[in-house]
Amino acid sequence: MTEHVLLMFLDGVGLGDNDPAVNPFAAACTPTLDALAGGHHWLSGTPRCDTGRALFIPTDATLGVPGRPQSATGQATIVTGRNVPAEIGEHYGPRPTAEIRAIVDEDNVFKRVTAAGGTAALINAFPPRFHEAMASGKRLPSSNQQAALSTGQGLFTDTDIYSGAAMSPDWTGQGWRDELGYVDTPLYERAEAGRRLAALAQQRTFTFFEHWVTDVIGHRGPLERGVALLELFDGVMAGLLDAWDDEHGLIVITSDHGNMEDLSTRHHTENAVPTIAIGAARQEFANGMRDLTGIAPGILRVLGLQ
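According to the numbering used here, the stretch in the sequence shown is residues 10 to 315, in order.
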């Protein structure tokens, strides 16, 4: 029985060409990530495959709507299971409009889990200035954040970083020191960060972790930063997989649109995105899934809520 689902959201990660000059996924040394895809890099030519522990699924992010997929509609589709770009007539982002927020508020994975008596949380922590900007209306939540907020819960703060109840989007916590100026927030080695992520996910029914640095690199580069980030992620995943109970939990990794896989452009791409399901329930989760509308139903299905 699946008791815990961890959804790891990587912003702006598609399946690109096997070109190490422009694609960090082709250039990085990532043995743990490769093993999840049957020994292959996460590339456009990598087929759907089941390794016996992980299921790798190239996933359509265009959803039948012309143009480059965008964050607000892609994320809203992931958390609701609805084809949000088709409903509003376009790909839109980065922040959701009132119309998109209304779609997310109506029904999403967080709401479905908590309505059934389960527990759900977005476990990223946000600094005080983020919360102040949100409270003043100067900053809109992302679609992912809107889904978490729709349950009536607040988002985690720096207090939760100190207590270990929440995580930094860079996994290790280094960003809280380098980018936000904190001097004493926790730091984790990469494998330790993965084990910490597993421990937090196993405390509740549904855990959402969002990582957005991939999208920043996709827009700004350079390639070397993308390679370093993927090798960091590889180490985090090694720790996470070592600590994960496949029989009782499912890990899902996915993205909203392509970007970092093609640094020859600073724009999003129309490439398929990778979805990886890890655990005994992986085939049940992925039954019939071809695009981003399948993520939310798959999660609810393995939790017995669909």
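Ideal placement from N, C-alpha and C gives every residue a C-beta, glycine not left out. This one's a predicted model, so the numbers in the text were calculated from it and none came from an experiment.
In the structure shown, residue 277 falls within a coil segment according to DSSP collapsed to helix, strand and coil. Inter-segment contact for the segment 193-206 and the segment 173-181 is present: three or more beta-carbon pairs are separated by less than 8 Å.
Close CB contacts of residue 261 within its chain, under the 6 Å cut and outside five residues either way in sequence, are with 16 and 286 (chain order). Judged by DSSP in its simplified three-state form, residue 28 adopts coil rather than helix or strand. In the DSSP assignment, residue 201 falls within the unbroken alpha helix (DSSP H) covering 199-210. Under the three-state reduction of DSSP output, residue 153 falls in the helix class.
Per DSSP, reduced to three states, the secondary structure at residue 233 is helical. Taking all protein chains in view, the Cβ of residue 154 is crowded by 16 or more other Cβ atoms within 10 Å, so the residue is classified as buried. According to DSSP, residue 176 shares a beta bridge with 133. Contact annotation: residue 160 and residue 194 have beta-carbon atoms that are not nearer than 8 Å.
In the same chain as residue 185, and ignoring 5 residues on each side of it, the C-beta atoms closer than 6 Å to its own belong to 177, 191 and 194, in chain order.
For residue 261, the secondary structure class from DSSP, reduced to helix, strand or coil, is strand. The beta carbon of residue 148 sits closer than 6 Å to the beta carbons of 142 from its chain, once the five residues preceding and following it are set aside; these are given in chain order.
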